[in-house]
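Residue numbers (full-length UniProt numbering): 1 to 100.
Laid out in structure tokens, this is it:
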């Protein structure tokens, strides 16, 4: 299943709810840490999943690829550094562990 199809917890939470308790769902590597910690989830878990997908696009590789050596560097091509930095910041903001 396409990881973007999994980014939908927000549609499962009623407008007056801030959190919900549901069974674990999602694709390994894209699920927010709250799922693994058996904590109540909120709409921010979708933001985490989006951040993972965004970082995959930026890095041109999957977030989990067991077939590659850990120290394999990403090829250095011509890049608009300012745009790249902006995308990375957005991706990191999406996946940072923040209780607020």
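Beta carbons: idealized from backbone N, C-alpha and C, even for Gly.
On a predicted model such as this, the values are computed, not experimentally measured, just so you know.
Item	Value
Residue 91 to residue 32 span [Cα, whole Å]	13 angstroms
First and last residue of the uninterrupted alpha helix (DSSP H) at residue 59	44-59
C-alpha distance - residue 89 paired with residue 37, whole-angstrom precision	25 angstroms
Terminal residues of the alpha helix (DSSP H) in which residue 83 lies	81-95
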